[in-house]
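Note that my numbering has the sequence shown beginning at 315, numbered continuously upward. Just below is one structure, and these are the notes that go with it.
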Amino acid sequence: MYWCTEICRQEFFKTLEYIRERYRILIEIYKHLKKNEYGSFPKFDPDDIFCYYEGKDDEIQDKNFQDLFDVDILSLNISHLKKRTDIPKVWKEKKKETEIEIETEMEE
315 MYWCTEICRQ
325 EFFKTLEYIR
335 ERYRILIEIY
345 KHLKKNEYGS
355 FPKFDPDDIF
365 CYYEGKDDEI
375 QDKNFQDLFD
385 VDILSLNISH
395 LKKRTDIPKV
405 WKEKKKETEI
415 EIETEMEE
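In structure tokens, the structure reads:
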């Protein structure tokens with residue numbers, strides 16, 4: 315920040331705040347990851363989470379990332395992104411399948 319104007323300094327601080335918030339969100343995401351059989355974190359791309367959260371499904375590389383988490387990704391508060399308002403068809407179908415399985419088990 316050598317020879318930096320006040321505007322430059324403010325932009326620098328704004329960028330640091332953004333980075334801090336991004337790390338806070340990544341920490342929250344990692345807290346909800348299920349551990350794999352070896353007790354370590356499974357591999358995933360955080361950008362897939364962000365794309366899903368915003369409703370950019372066509373940009374998601376691994377469509378099965380939700381299975382890696384113990385919460386619904388949309389229940390997280392990712393402050394710097396606009397949360398999607400639709401529920402993806404894939405998740406609706408999964409939920410219906412689960413409901414059918416539960417109903418079938420209860421009937422038996």
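Backbone N, C-alpha and C define an ideal beta-carbon position, used for all residues, glycine too.
Pair within 8 Å by beta-carbon distance, residue i and residue j
i, j, result
"arginine 398", "glycine 369", "yes"
"aspartate 376", "phenylalanine 358", "yes"
"glutamate 342", "leucine 390", "yes"
"leucine 347", "proline 356", "yes"
"glutamate 325", "histidine 394", "no"
Coarse secondary structure for residue i, derived from DSSP in three states
i, result
"phenylalanine 355", "coil"
"leucine 382", "helix"
"lysine 370", "coil"
"leucine 388", "helix"
6 Å CB neighbourhood of residue i in its chain, flanking five on each side removed
i, result
"isoleucine 392", "Ile339, Tyr367"
Proximal residues to residue i (C-beta, below 7 Å), its chain only, five neighbours per side dropped
i, result
"lysine 396", "Glu368"
Residues near residue i in its chain [Cβ-Cβ closer than 8 Å; skip 5 each side]
i, result
"aspartate 400", "Gly369"
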